[in-house]
Structures are given as C-alpha cells and as structure tokens.
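For reference, the structure is listed below as structure tokens.
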Amino acid sequence: MSDNHNEQLQNITNSLNNLQLHQESESTRSDSCVAEINNLKAELNALTQRFIFLQQQFANMPTPNPAPPPVYQDIGVMSHASFSGNPKELSRFLYFVRDRLVEAGHRFPTEKSKINWVVRHFRYANGNIADQTPVYTWWISILKENARSQDFPTHDASTEDPYALPCLLTIGAFLSKLSEVYTDHNSAQDAKAALYSCRQGNLSVDNFNSIFSSLVFAVDLTEESRCDIYKRALNPRILELALMRFDWNSAVDLRAKQELAVQASNLLVELNLLRRNQLQRPAPQSLPHPPPPQQPAQVPMDLDAMTGGTGFNFPAYRLLCIKAKICQRCHQDYNKTHITSRSCPNKEVMIKEKVAKFVSLSQNPQVAEINMSAINFNIQPQSWDNLIDATGGGNFADMLMFGNDENGFPVEQGMSSFHISSISSLLPSSSSSYSVPATPSRLIIPIKLLTLEGTWIIAKALVDSGAGGSFIDTTFFTVITPS
397 MSDNHNEQLQ NITNSLNNLQ LHQESESTRS DSCVAEINNL KAELNALTQR FIFLQQQFAN
457 MPTPNPAPPP VYQDIGVMSH ASFSGNPKEL SRFLYFVRDR LVEAGHRFPT EKSKINWVVR
517 HFRYANGNIA DQTPVYTWWI SILKENARSQ DFPTHDASTE DPYALPCLLT IGAFLSKLSE
577 VYTDHNSAQD AKAALYSCRQ GNLSVDNFNS IFSSLVFAVD LTEESRCDIY KRALNPRILE
637 LALMRFDWNS AVDLRAKQEL AVQASNLLVE LNLLRRNQLQ RPAPQSLPHP PPPQQPAQVP
697 MDLDAMTGGT GFNFPAYRLL CIKAKICQRC HQDYNKTHIT SRSCPNKEVM IKEKVAKFVS
757 LSQNPQVAEI NMSAINFNIQ PQSWDNLIDA TGGGNFADML MFGNDENGFP VEQGMSSFHI
817 SSISSLLPSS SSSYSVPATP SRLIIPIKLL TLEGTWIIAK ALVDSGAGGS FIDTTFFTVI
877 TPS
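In case it helps, my numbering puts the sequence shown at residues 397 to 879.
Structure (structure tokens):
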C-alpha cells in the first residue's frame, strides 16, 4: 500500500512541474505576441498619418484642364500618284495610296474622308482634271448607286450623301472594289515575258540580282523554276565558274544560287586582274648567250646551173614533148586519160627529169627535126608578147598540143581544121566571131576539139606561159554538130 501511494505522489509532483514549465513558456509567448501587436499598431498609425498627409496634398492640387478635342489636318493630294483608269497604272497607284495611309491615316477623321481623299487622285498623269477619266465615270456611277440604295435622287448624288454601300464603308473595301474593277488581266503575261527575256549581259551581279528578283517574284513560280530561269539568264562565264568552283547543284533556292553567283563574279574579277598583270609584266631579261656556230647555208638548186650547156628552155621542151606525143608534166604517153580529164592525172616530174628528157629528145633525130627558127627563146617567162607566127605558115601553131582528132591523138602539122586567127596580145577586132580579151601574159588562139559525144567544139584557148594548159571558158565556145 505504501509503495503505491508514494508512486502516485511522485506522478502528481511531476505533472505539477510540467504544468509550471508550460505556464512559463506560454507566458513568454504571450509577451512576445503582445510586443508584435504593439509594433503593428505603431506601423499602422504611421501609415494612417502618411495617408492623411497625401490625401491633404491631393486635395490641395489644382484640377487639370480637360484634353482638347482632336484636330484633323487636311491631307494634300500626292503629286507623284494618279490613276486614270488604265489597268497598268493600278499597282503603282495602290502602293502609293496604302503607303500614305499607313503614315497619315490617323489624321483622317472618318473612313469617308479617306475614300474622298483617294478619289481626288482620279486624274491623268499630267495633272489635268478637265478631261474626264474612265475611273471618274466609274466613281460617279458608284455615287448614284449609293444614292439609289438610300432612296435619294440620283441626279443629285454627291459625296455629301452618307455612304451606305458595302464598298464605301471602309477604305479597305473601297480599294478592294477598285482592284476588282481595274485589274490588269494581261499583267501576268507581261511579267512572264519580261522575266524570260531578262539577261545579265554586262550588268554587275548585284544589279542583275535586284532586277531579276523584282521580276521573278511578280510571277507565281516554284523555287525550282526560279532557279532554272536564273541559270539561263546568268552570264555564261560567271555560271561556268560557279559550276566548276562552287557547289552550285547543292544550292536548292534562288537566294543561295545568287550568293554563289556573287562569289563567282568576284573570282572572275580577280582572274581578269591577274591576267592583265601578267600581260603588262615585262619579260625577264635573259643573260646573253653566245651565238651558235653558223651552219653553212643551203644553196637552193639553181635552174641555170642545171640547164647550163643543154640549151634547155620551156618553149623548146614543150614542143619536143608535143612532137614525141608525151605529157610534159609526167613524161607518160598523152593518152585518152589525159584527154578525158583535160589535165594530167599523174604526179609532175622534177625539173631535173625534165632537163634530162629535153636532152634525150633533142638527141632523137625524128623529134629534133622541128622548125624552131620562128621562136625567140630569150623571152621573159611572164609574157608571150613576142611569140608570134613569124613564118606565116602556122608552123608554131601546129606544134601546140591543144586539140585532138577523131582518134584522140594530138593535132599534127598541116591539119586544115586548126587555124590561127591571132597569136598576139593585141585585142582582135570586135567584128571577129572569136573576140576574146587578151592579156600580156596570155596567148589566145581558136581551137577545134572533139568531145566524147562525137561533136566538135570551136573555142578560144588561153595558153598559160608557165603551166602550158588550156583554159576554155564555156561562154566562148560553139558546139558544132557533124553533118
């Protein structure tokens, strides 16, 4: 019993101690709360005093004057903008109107005043308002329709009437109506034509890019089409550099290709500058070298040295070849091939071979029996003036191999079908049927030739002093059909 009683007393004592401690802590807390409340009261009193002070100051301030009503200034007509009703003028006119409204739109009191300001630009470009423009007629019709919609007399329609039509309610609606009526339906085609004909030429890339951009974006095209058109319009030299030096194909839009063109143009300018400097740079002075030893000059073959002692000359050589019935160029038989082709088909022999043939034919007694007394061998090779028929018998003409008989052989001496009308450089008389102009270096003779068809041709033969050929002009021969 006594132990239980002591334990209870001890518990009661502990509880009393705890209560005492709790009371002390609560007392401390209440004191701190009272202090905070007092501080708040002091701050509140200070704020109240400041509010009262400010209220007194506002009460003593003078009352401000009311703001004046807005003053709208009149906007003058733009001298650089006008519209007469020509659809090609519309885009430029609308641009200037919208630009002006953005800057000074707040200075118009109503939407109606904005519309009336736009209408004042309906005139010709020279500023003459006396001539009635098509767009002015359209505006009068709009005013009459507006009056009719409000049961006003149409003959008195004016800008004083309230605007009730939908196109007259706002400036935007009015400009849209104007664009709808006067749209240039051919502007797209004109823009395409200007774009496709645009070429860079000698313009700089920067200027060309500006012009091209203004044209290409006025047409509805894909980006790929813009790049293709730009490629065709670019200077070929700049395009070549852009393709070789830069990754042209990787640029997928027009802007990137224009930047590559600018880089290629700058590179081309540098290349041209380098080339110009190389051309203007003086050549390096090389050290003088001793001249190489002179080689003995090759002396060309002298014709006089080759023919000396043989008596060779071309007139006598030609006559000997004719008498021997060989070609003077190739030393082959003057056969039907020569006659058909009218020239020598073989390669011409060397001069030394001609001299040897001359010596060989001169030693042949049958060929050497030629009357050459009428020929002057001391003539100049460029003229035939002194080669005339001195014997009067036609011996010299008989030696010329310019005709052939029916068997294809050269004309022999004494044939009656071969006659000389003139062996001179003088012009024959105009009455002659063989009137052919002569030159000092040509011998003109009439000849009679047998063609492959079996007909005879009478023609004028021009004998060249160097080649010894016949030049027959088709306007100077006559075809004679055998009887």
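For every residue, glycine included, the Cβ atom is placed at its ideal position computed from N, Cα and C. Note that the structure is predicted; figures quoted are calculated from it, not measured.
Who are the Cβ neighbours of residue i in its own chain at under 7 Å, not counting the five residues just before and after it?
{"i": "ALA560", "result": "ASN542, SER545 and GLN546"}
{"i": "LEU415", "result": "none"}
{"i": "VAL515", "result": "TRP535"}
{"i": "GLY788", "result": "Bear in mind that the predicted position of GLY788 carries a pLDDT of just 40, short of 50, making it unreliable; the figure below should be weighed with that in mind. For GLY788, where only same-chain residues beyond five positions count, there are no Cβ hits under 7 Å."}
{"i": "LEU664", "result": "ARG633, ILE634 and LEU637"}
{"i": "ILE722", "result": "GLN728, ASP729 and TYR730"}
Can you give me the C-alpha to C-alpha distance between residue i and residue j, rounded to a whole angstrom?
{"i": "ALA793", "j": "VAL755", "result": "In this prediction, ALA793 has a pLDDT of 38, which is less than 50 and means its spatial position is unreliable; what the coordinates show is noted afterwards. So the alpha carbons of these two residues sit roughly 23 Å apart."}
{"i": "LEU617", "j": "ALA553", "result": "46 Å"}
{"i": "CYS563", "j": "SER509", "result": "14 Å"}
{"i": "LEU436", "j": "GLN404", "result": "48 Å"}
{"i": "TYR520", "j": "ARG496", "result": "19 Å"}
{"i": "LEU630", "j": "TRP513", "result": "45 Å"}
{"i": "SER423", "j": "THR409", "result": "21 Å"}
{"i": "SER475", "j": "ALA500", "result": "16 Å"}
{"i": "ASP785", "j": "ASN731", "result": "Low per-residue confidence applies at ASP785: pLDDT is 39, beneath 50, and the placement is therefore not dependable enough to give any value."}
{"i": "CYS717", "j": "GLN724", "result": "6 Å"}
{"i": "LYS540", "j": "GLN585", "result": "35 Å"}
{"i": "PHE642", "j": "ARG651", "result": "15 Å"}
{"i": "ASN434", "j": "ASN402", "result": "48 Å"}
{"i": "GLY880", "j": "SER575", "result": "Since the first residue shown for the chain is 397 and the last is 879, residue 880 is missing from the structure and cannot be characterised."}
{"i": "PHE710", "j": "SER737", "result": "23 Å"}
{"i": "LEU670", "j": "LYS627", "result": "27 Å"}
{"i": "PHE479", "j": "VAL498", "result": "19 Å"}
{"i": "MET457", "j": "GLN451", "result": "10 Å"}
{"i": "THR566", "j": "CYS623", "result": "41 Å"}
{"i": "PRO483", "j": "GLU666", "result": "47 Å"}
{"i": "ARG714", "j": "THR851", "result": "28 Å"}
{"i": "ASN645", "j": "GLU619", "result": "14 Å"}
{"i": "ASP399", "j": "GLN406", "result": "11 Å"}
{"i": "GLN776", "j": "SER739", "result": "Confidence is the limiting factor: at GLN776 the pLDDT is only 44, short of 50, which leaves the residue's position unreliable, though a coordinate-based value still follows. Each residue's alpha carbon lies about 25 Å from the other."}
{"i": "THR550", "j": "SER487", "result": "31 Å"}
{"i": "SER610", "j": "ASN461", "result": "54 Å"}
{"i": "THR444", "j": "SER421", "result": "35 Å"}
{"i": "VAL527", "j": "GLY597", "result": "One point to set straight first is that residue 527 is Asp, not Val, in the sequence displayed. In a straight line, the C-alpha of ASP527 is about 43 Å away from that of GLY597."}
{"i": "ASN441", "j": "ALA431", "result": "15 Å"}
{"i": "ARG425", "j": "PHE447", "result": "33 Å"}
{"i": "GLY481", "j": "ARG672", "result": "56 Å"}
{"i": "ASP341", "j": "LEU412", "result": "Lying outside 397 to 879, the shown extent of the chain, residue 341 is not represented and no answer is given."}
{"i": "GLY523", "j": "VAL577", "result": "23 Å"}
{"i": "PHE608", "j": "GLU485", "result": "21 Å"}
{"i": "VAL376", "j": "ASN603", "result": "Not covered by the structure: residue 376. The range shown for the chain is 397 to 879."}
{"i": "SER621", "j": "TYR532", "result": "41 Å"}
{"i": "ALA720", "j": "PRO741", "result": "19 Å"}
{"i": "LEU490", "j": "ASN662", "result": "39 Å"}
{"i": "GLU744", "j": "ASN760", "result": "23 Å"}
Since residue i contacts residue j with CB under 8 Å, what's their CB separation in whole angstroms?
{"i": "ILE471", "j": "PHE504", "result": "7 Å"}
{"i": "ASN605", "j": "GLN674", "result": "That pair is no contact at about 31 Å."}
{"i": "ILE502", "j": "VAL473", "result": "Reading off the sequence shown, one finds His at residue 502, where the question assumed Ile. Contact flag wrong, Cβ pair sits at about 19 Å."}
{"i": "VAL601", "j": "ALA647", "result": "About 15 Å separates the two Cβ atoms, so there is no contact after all."}
{"i": "ALA614", "j": "ALA587", "result": "4 Å"}
{"i": "GLU749", "j": "HIS727", "result": "7 Å"}
{"i": "PHE492", "j": "ALA477", "result": "4 Å"}
{"i": "ILE625", "j": "LEU591", "result": "6 Å"}
For residue i, write down the residues that DSSP places opposite it in a beta bridge.
{"i": "LEU883", "result": "As displayed, the chain neither begins before 397 nor continues past 879, which places residue 883 out of reach and without an answer."}
{"i": "ILE722", "result": "ASP729"}
Grab me the residues of residue i's own chain with a C-beta within less than 6 Å of its C-beta, minus the 5 sequence neighbours each way, in chain order.
{"i": "PHE899", "result": "Here the chain comprises residues numbered 397 to 879, so residue 899 is not present and cannot be evaluated."}
{"i": "ALA660", "result": "ILE634, LEU637 and ALA638"}
{"i": "ARG595", "result": "ALA629"}
{"i": "THR555", "result": "ASN512"}
{"i": "ASP649", "result": "GLU619"}
{"i": "THR579", "result": "none"}
{"i": "GLN676", "result": "none"}
By Cβ distance below 8 Å, which residues in the same chain neighbour residue i in space, the five residues on each side in sequence not counted?
{"i": "ARG494", "result": "LEU571"}
{"i": "PHE449", "result": "none"}
{"i": "HIS418", "result": "none"}
{"i": "ASP557", "result": "LEU539, ASN542, ALA543, GLN546 and PHE548"}
{"i": "HIS581", "result": "PRO483"}
| said: What ranges does the alpha helix (DSSP H) occupy inside the region 470 to 503, keeping only unbroken runs of at least 4 residues that lie completely in it? | reply: Counting whole runs of 4 or more residues, the region 470 to 503 contains the alpha helix (DSSP H) stretches 483 to 500.
| request: Kindly provide the ranges of any alpha helix (DSSP H) runs that are 4 or more residues long and lie completely inside the region 510 to 554, ordered along the chain. | output: Listed in chain order, the complete alpha helix (DSSP H) runs (minimum 4 residues) inside the region 510 to 554 are 530 to 545.
| Which parts of the region 598 to 678 are runs of the alpha helix (DSSP H), unbroken and 4 residues or longer, counting only runs that do not cross its ends? | Correct list: 601 to 612, 619 to 629, 632 to 641 and 650 to 676.
| Which ranges does the alpha helix (DSSP H) cover as unbroken runs of at least 4 residues, wholly within the region 569 to 594, from first to last along the chain? | Counting only unbroken stretches of 4 or more residues, the alpha helix (DSSP H) elements lying wholly within the region 569 to 594 are 583 to 592, in sequence order.
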